[in-house]
Amino acid sequence: MVFKRLLGALGVGGPTVDTVLDPSPVLPGGTLTGQVQLVGGKADFDIEHITLELVARVEAEHEGGESEGVVAFDRFTVGGGFRLAEGEQRGVPFSVTLPWETPATQLHGQSLGVVLGVRTELSVAGAKDKGDLDQLVVAPLPVQEAVLEALGGLGFGFKSADLEYGRIGGTGQQLPFYQEIELVPSPRYAQQVNEIELTFLANPGGMEVVLEADKRGGFLSSGHDALTRVNVSHEGVEQQDWPTIVDGWIQQLVEHRASYGSPVGFGSPTAFAPAGHGHGHGDHHDGHRSGPGVGTAVAAGAAGLAVGVAGGMVASEVVDEVGDFFEGEEEEEG
Numbered sequence: 114m115v116f117k118r119l120l121g122a123l124g125v126g127g128p129t130v131d132t133v134l135d136p137s138p139v140l141p142g143g144t145l146t147g148q149v150q151l152v153g154g155k156a157d158f159d160i161e162h163i164t165l166e167l168v169a170r171v172e173a174e175h176e177g178g179e180s181e182g183v184v185a186f187d188r189f190t191v192g193g194g195f196r197l198a199e200g201e202q203r204g205v206p207f208s209v210t211l212p213w214e215t216p217a218t219q220l221h222g223q224s225l226g227v228v229l230g231v232r233t234e235l236s237v238a239g240a241k242d243k244g245d246l247d248q249l250v251v252a253p254l255p256v257q258e259a260v261l262e263a264l265g266g267l268g269f270g271f272k273s274a275d276l277e278y279g280r281i282g283g284t285g286q287q288l289p290f291y292q293e294i295e296l297v298p299s300p301r302y303a304q305q306v307n308e309i310e311l312t313f314l315a316n317p318g319g320m321e322v323v324l325e326a327d328k329r330g331g332f333l334s335s336g337h338d339a340l341t342r343v344n345v346s347h348e349g350v351e352q353q354d355w356p357t358i359v360d361g362w363i364q365q366l367v368e369h370r371a372s373y374g375s376p377v378g379f380g381s382p383t384a385f386a387p388a389g390h391g392h393g394h395g396d397h398h399d400g401h402r403s404g405p406g407v408g409t410a411v412a413a414g415a416a417g418l419a420v421g422v423a424g425g426m427v428a429s430e431v432v433d434e435v436g437d438f439f440e441g442e443e444e445e446e447g
């Protein structure tokens, strides 16, 4: 979805911008390519900078409850330093590298309900304007896809996915938010666990996997959360028995006696520092928040659906179009 907007800072007769992203989904840590297409206005204009900004719709908890907002998580200057003649049409190609922690927005072509965008900003003759906004489609890395498919094959169902503002303590997280994928437990674990939350934190050398279980209480005990962390490599994904590996993670997660601090290695123990009990609502600095995402623009559905390996995970339908959300955000800014 593309929105063409006249440069409001320059009024009627200013240049227009239309950013066209190459259609193939990009991977976290991968290269995003496309072209910024400019059309000159009714006079010559000096284009000082063309900047692309990666933005995400993120949920945040605070004392007053929960709210949604747009967070910019990277910026790239892709052009500038030229004069755009009256009525001139010019294309500025670009190639930029996404952060490794960029969330996946789809799996096997089906939306996960996560909204990312690429916003184009022009700096023209000292005035700046957000001239265009496009939806960013990100596919999971091979190891992320392998873990998700293994969970589906084990009988876990996709519930929802959202982006949470805050940081998971004790991890190498770089972005100011993290993706949380909520899963309905398989029948094997349904008596022990209410739901499982999954977070991927990718980096050039591999990926941290954070699994959290909302455990059911017994006759004489109350339920509690359990946390397991795993460090995996990008290499050799095809040679691994992921259903067995992932089931081992789940077993350790469910069997935890302590709530936190028992890391699991990929083949050998991994030296993670134990995370603090940072799940309190409103903790935006050192907490992996538990509980389902409630965002009005994020669809919550497909609960209880087991997902087969061949079909991938069944994703919920996105309630609001990406453009509707970001357009509303831009109107509020203006």
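Take 114 as the starting number for the sequence shown in this note's numbering and just add one per residue.
Built from N, CA and C at the ideal position, the CB exists for glycine as well.
Only counting the same chain, and skipping five residues up and downstream in sequence, which positions put a Cβ closer than 8 Å to that of residue i?
i, result
"F290", "A169, V171, V184, F186, L276, E277, Y278 and G279"
"D157", "R196, L197, A198 and E199"
"V191", "V149, I163, T164, L165, V205, F207 and V209"
May I ask you to report which of helix, strand or coil DSSP gives residue i?
i, result
"I163", "strand"
"I358", "helix"
"I294", "strand"
"G265", "helix"
"E201", "coil"
"P317", "coil"
"P206", "strand"
"E277", "strand"
"E172", "strand"
"A240", "strand"
"E214", "coil"
"V227", "coil"
With distances taken from CA atoms, which of the options is nearest residue i?
i, options, result
"G143", "E214, L267 and A263", "E214"
"L197", "L140, L235 and L254", "L235"
"E310", "V359, P212, G204 and I294", "I294"
"A326", "I358, V367, T312 and H347", "V367"
"V345", "F313, P128 and V152", "F313"
"V228", "G266, G268, V256 and E181", "E181"
"V323", "R342, N316 and A303", "R342"
"R301", "G266, G178, V139 and G126", "G266"
"Q364", "L340, A315 and Q292", "L340"
"E348", "G361, Q219, T357 and A315", "A315"
Could you name the residues of the same chain whose beta carbon sits closer than 6 Å to that of residue i, not counting the 5 residues immediately before and after it, in chain order?
i, result
"A259", "V350 and W355"
"F189", "L165 and V209"
"A134", "Note that residue 134 is Leu in the sequence shown, not Ala. So the qualifying residues of the chain are G147 and D247."
"Q257", "F313"
Would you kindly check if the distance between the Cβ of residue j and the Cβ of residue i is under 7 Å?
i, j, result
"D247", "T146", "no"
"L254", "P136", "no"
"G193", "E161", "yes"
"G270", "V297", "yes"
"G226", "A274", "yes"
"G222", "L249", "no"
"A217", "V359", "no"
"E308", "T284", "no"
"R203", "L261", "no"
"D245", "T233", "yes"
"V149", "V205", "yes"
"G126", "G153", "no"
Excluding sequence positions up to five away, which residues of its chain have a Cβ less than 7 Å from the Cβ of residue i?
i, result
"L288", "F186, P212 and E214"
Quick one: does the C-beta of residue i sit closer than 6 Å to a heavy atom of the ligand NAD?
i, result
"L264", "Here there are no bound small molecules, and the ligand NAD is not part of this structure."
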